[in-house]
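Just so we're aligned: the sequence shown equals residues 2 to 242 in my numbering.
Here's the structure, in structure tokens; my notes come after.
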Amino acid sequence: MIDFDALSAPLPQALASAVRRLAQLAHTHAWNQWAVQRLTPTQRRILDFLGSRHDNITLTAVARELGVTAATASDSVSALETKGLLRKRRSHVDGRALALMLTTEGRHSVTQLAALPDPLQTAFGSLSGDEQELFYRSAMKMLRDLQESGALPVSRMCVRCRYFDPFRHSDSATPHHCNLVGAALADRHLRIDCPEHEPGDKQTQLALWSRFSRCAPGAPPCPAADAPGSDGVDQSSPPPD
Ligand code: SF4
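This is the structure we're talking about:
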């Protein structure tokens, strides 16, 4: 009798192979579209980054966000400037630094690029709602781990935010809570890059993560030991309105 466990790659290896194929599809498709728009992947990411922020973004912040060297970021920024998609001006925060901002044409490009068909989105559409939500939660864990190890730049995720209160409503379909807006969230609502995010201190982030990763949506309520505040999250002050 064939033992498929002996014949098969370990599951992490098989998953990596499957995800690599999905990434290949996304990459090839994106390259074709960016080539039409005369953009490299780095230039596209810079446009997306600037389009998602309203504050003074410096070259250093761009390099940190993209995980590239300042020299690489500088080359791409110069190319975008030559194309008329962004411009530099004195930073409001630090008059010695230059801030980057999109031109009207740059904003138009960001809107156009966001509207292009995305084969990865189409592929995820073939999963059920529950499967999509589970995948999203799993991706959240992987992203957070990769950020912790330094393999990815830290992003403005709910699970790092001082307003996040995971599993406050643990017996509900929307178990989490955002104390900034005073509303309940499901896993599918969790943000990876939220403009209103405010980082919690290290201890708060660890406590948030401990609670988020140990409890599961749809599972019985977390044990009493996980009640709000017991993980070290400061729940003493009332949520901001
Ligand atoms: S402010 Fe944004 S990042 Fe923070 S908990 Fe609310 S939705 Fe999440």
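Glycine included, C-beta positions come from ideal geometry on N, C-alpha and C.
Check: Nearest-angstrom Cβ-Cβ length linking Ala-74 and Val-63, presumed shorter than 8 Å; Outcome: 5 Å
Check: Closer than 7 Å: Phe-213 CB and nearest ligand 1 heavy atom; Outcome: no
Check: Residues that Thr-59 bridges to, as DSSP identifies them; Outcome: Ala-100
Check: For Ala-174, the three-state DSSP class (helix, strand or coil); Outcome: coil
Check: Check whether Pro-167 and Cys-216 have beta carbons under 8 Å apart; Outcome: yes
Check: Secondary structure of Leu-16, DSSP reduced to three states; Outcome: helix
Check: Neighbourhood of Cys-197 by C-beta distance below 7 Å, restricted to the same chain and skipping five residues each side; Outcome: According to the sequence as given, residue 197 is Glu; it is not Cys. Hits under 7 Å: Leu-181.
Check: Rounded separation between Gln-34 and Leu-114 - CA only; Outcome: 9 Å
Check: Beta-carbon gap between Arg-46 and Leu-23 smaller than 8 Å; Outcome: no
Check: Status (buried if at least 16 other CB within 10 Å, exposed otherwise) for Asp-242; Outcome: Caution applies to Asp-242, whose pLDDT of 37 falls short of 50 and renders its modelled position unreliable; the model cannot decide the point.
Check: Three or more C-beta pairs below 8 Å linking the segment 183-203 and the segment 154-165; Outcome: yes
Check: Contact set for Arg-90: own chain, Cβ-Cβ below 8 Å, skip 5 residues either direction; Outcome: Leu-99, Ala-100, Met-102
Check: Residue interval of the alpha helix (DSSP H) (run including Leu-81); Outcome: 71-83
Check: Same chain, Cβ closer than 8 Å to Ala-10, neighbours up to 5 away in sequence not counted; Outcome: Ser-18
Check: First through last residue of the alpha helix (DSSP H) which encompasses Arg-51; Outcome: It is worth fixing the name first, because residue 51 is Leu in this sequence and not Arg. Unbroken alpha helix (DSSP H) run through Leu-51: 42-53.
Check: DSSP beta-bridge partners of Pro-218; Outcome: In DSSP, Pro-218 forms no bridge with anything.
Check: C-beta contact flag for Thr-112 and Ser-77 at 8 Å; Outcome: no
Check: Trp-210 and Arg-108 closer than 8 Å at C-beta; Outcome: no
Check: Closest Cα partner of Pro-118 within the set Tyr-164, Asp-6, His-30, His-190; Outcome: His-30
Check: Close-in-space but distant-in-sequence residues of the same chain around Phe-136 (CB under 8 Å, 5 per side omitted); Outcome: Phe-125, Leu-128
Check: C-alpha distance - Ala-140 paired with Ala-15, whole-angstrom precision; Outcome: 16 Å
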